[in-house]
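One point on numbering: in full-length UniProt numbering, the residue at position 24 of the sequence shown is 24, and numbering is uninterrupted.
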Amino acid sequence: MLSLELDDIQGYLIRGYAHMMYSRFVYLQISDAKAAKKWLGKSWKTMTTAAYIPKKSEISGTHLNIAFTYDGLKKLGLKPATLGTFSREFRQGMVSPHRTRLLGDFENSAPEKWKWGGPGNTPIHLCLMVFGNDKESTDDIKKDKIVCVNYYEELRAQFAENGLEEVLYIDGQTQPENKEHFGFRDGISQPIIEGSGRIGSKDDVIKAGEFIFGYKNGFGVYPDTPLIKAEQGNLNLLPPDAEGSGLKDIGRNGTFMVMRQLEQHVNTFWSYINDQTKNEDGSINEAESLKLAAKIMGRWQSGAPITLFPDKDPGIMSDINGFGYSKFDKDGLKCPFGSHLRRNNPRDSVDDHGVKESLKLSNQHRIMRRARLYGEIFEGSPTNNTPKGEVGLLFCCFNADISRQFEFLQYTWSNLPKTKELYNDPDPIIGVSEKPSAAEQQNFTVQDLPVSRTIKDLPRVITVKGGGYFFFPSISVLRFLSTI
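Structure follows, in structure tokens:
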């Protein structure tokens, strides 16, 4: 049975740190490569790994992980021949013209308008992910914030001497019930990486190579891993290429990390929903608004899948995830074909494929999703939909193949308006164009008998405010980078 080298894998990929309610994502430039490498030579020991710690009392109250952009690896001095072995998506970055078209980053989401990561912003070389948890408290965000910020201040005090210059930081939070700003329980459906030690439904157990370099993926092959093509540094710290090329593998136990700062327009979302379901006298029909929103999202606000609870939210917080659309809702009469969650993880119901083939196809496009809230902690609803200031999601995901996983999900299963027999239905949450052409329709179709119901003119409810592609290296590779 496969067993991952958990003590060499950075922890955020495997663990998610759900117990740490507060985090700070710090984006930095390398101002002095020599000093930064000296810092890496010491700091790799402080990075949190994925190693399992059985006693909760022994888990550290602070966690730290690190990821690099292509420019960051270049700044450290990694040779061009080796840099060229990283995937094209990573080398080009999120804001190349081609990637912008794929991701649909136009109008107010155009990279030129981003706060960070865009062509007009200060280049980012690395991201430090700082997490804090007050082990004496339970579900207390304020106390976790104190732990996190104090740890960050300790690190920040040494940035200058370590050759680092802070560009910006974004604070991330999670609610005790893990709801996002639209008001829905988040992060329920996650893949289980084979060999990680986690347990769950066999349909959710995904080959390690879908997420981590150096292990076979769902196709039975090793993912394209970056390799050392020009000798430098202490190569004894790196493993050999598992495919037998004879080259040293700089990717093993690492992966790619995608980050997107997504502003959520809570008022736009709920105002639109309320308008579609209002009573004859124009007043809000809260029950119908909640039901339509659940159909658009694919789950009730509690997290309960609408596939299993089509008529009413059962009310209690739910992590139920063991269901298939083909078995429970083949015709989309409970959970519409175009709902956000059904589009991005169609499970056992991909187009006209059978159950087995559908599961295989779905699993070839899974991502390990991590997300934190930024801005005011706010739980949207039909009658509570005006947060103070900007709120949103700092979306983060891990995948070994950015093109086949993250970009495929955004372009093919979200932005394209065709799914099943529908032709004008983009993903209602992340696939709607801000300014569609005159001939372009953006609908959401609720399958029903005898006639389906079409909701027209979907509004765009998110705006991309920043983003980037990062390399999330192993602990061994952090040590190696300090020696080049």
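Every residue gets a Cβ at the ideal spot worked out from N, C-alpha and C, and that includes glycine.
- For L83, no beta strand (DSSP E) encloses it; the enclosing alpha helix (DSSP H) starts and ends at P80 to L83.
- The beta-carbon separation of Y151 and G132, rounded to 6 angstroms, stays under the 8 angstroms limit for a contact.
- Contact check for M47 against L64 passes: the beta carbons are separated by less than 8 angstroms.
- DSSP lists E263 and Y374 as the beta-bridge partner residues of G392.
- When DSSP assignments are scanned along the region 243-329, the uninterrupted stretches of alpha helix (DSSP H) that are 4 or more residues long and fall wholly within it turn out to be 266-277, 286-297 and 325-328.
- It is roughly 8 angstroms from the alpha-carbon of A242 to the alpha-carbon of Y215.
- Q10: not part of any beta strand (DSSP E); DSSP gives it neither H nor E.
- Straight across, the Cα-Cα distance linking C127 with F471 is about 10 angstroms.
- Contact annotation: C397 and R370 have beta-carbon atoms nearer than 8 angstroms.
- Contact between the region 328-338 and the region 434-454 is established, with three or more Cβ pairs separated by less than 8 angstroms.
- Distance from F269 to V461 at the Cβ level is roughly 4 angstroms; contact confirmed, criterion being Cβ atoms closer than 8 angstroms.
- Between the C-alpha atoms of N344 and D427 there is a straight-line separation of about 9 angstroms.
- Apart from the 5 residues on each side of it in sequence, G251 sits with its Cβ closer than 6 angstroms to the Cβ of F213, T225 and P226 in its chain, given in chain order.
- Taking the CA atoms as reference points, I124 sits about 14 angstroms from Q92.
- Q276 and K115 have their C-alpha atoms roughly 33 angstroms apart.
- Within the region 172-238, no run of alpha helix (DSSP H) reaches 4 residues while sitting entirely inside it.
- Residue environment: V26 is assigned as buried (16 or more neighbouring CB atoms within 10 Å of its CB, all protein chains considered).
- The three-state reading of DSSP puts T412 in helix, counting H, G and I together.
- When DSSP assignments are scanned along the region 21-47, the uninterrupted stretches of alpha helix (DSSP H) that are 4 or more residues long and fall wholly within it turn out to be 33-43.
- According to DSSP, residue pairing for I170 in a beta bridge involves F25.
- About 19 angstroms separates the CB atoms of G200 and Q364; that is not less than 8 angstroms, and the two are not in contact.
- Under a 10 Å Cβ-count criterion, V258 is classified as buried, with 16 or more other Cβ atoms of the shown protein chains found around its own Cβ.
- One Cα belongs to I320, the other to N399, and the distance between them is close to 24 angstroms.
- Nearest in C-alpha terms to H181, of all of E421, D425, E379 and G468, is E379.
- Between R342 and R185, the beta carbon gap of about 16 angstroms keeps them out of contact (Cβ cut-off 8 angstroms).
- At a Cβ-Cβ threshold of 8 angstroms, R347 and G322 do not count as neighbours.
- Assignment of alpha helix (DSSP H) within the region 330-356, counting only whole runs of 4 or more residues, yields 340-344 in chain order.
- Apart from sequence neighbours up to five positions away, the residues of its chain that approach G431 with a beta-carbon distance below 6 angstroms are S414 and N415, ordered along the chain.
- If the five residues before and after F480 are omitted, its C-beta is found closer than 6 angstroms to the C-beta atoms of G233, L237 and L238, all from its own chain and listed in chain order.
- With fewer than 16 other CB atoms across the displayed protein chains lying within 10 angstroms of its CB, T122 is exposed.
- Three or more beta-carbon pairs drawn from the region 10-19 and the region 38-52 are found closer than 8 angstroms, and the two stretches are therefore classed as touching.
- Residue state for I367 is assigned as coil, using DSSP reduced to three classes.
- Cβ contact annotation for N274 (same chain, cutoff 7 angstroms, sequence separation greater than five): I284, S289 and P382, in chain order.
- In the three-state reduction of the DSSP assignment, G468 falls in the strand class, which pools E and B.
- A direct Cα-to-Cα measurement between S339 and L409 gives close to 14 angstroms.
- Contact between L40 and S482 holds: CB atoms are separated by about 4 angstroms, below the 8 angstroms threshold.
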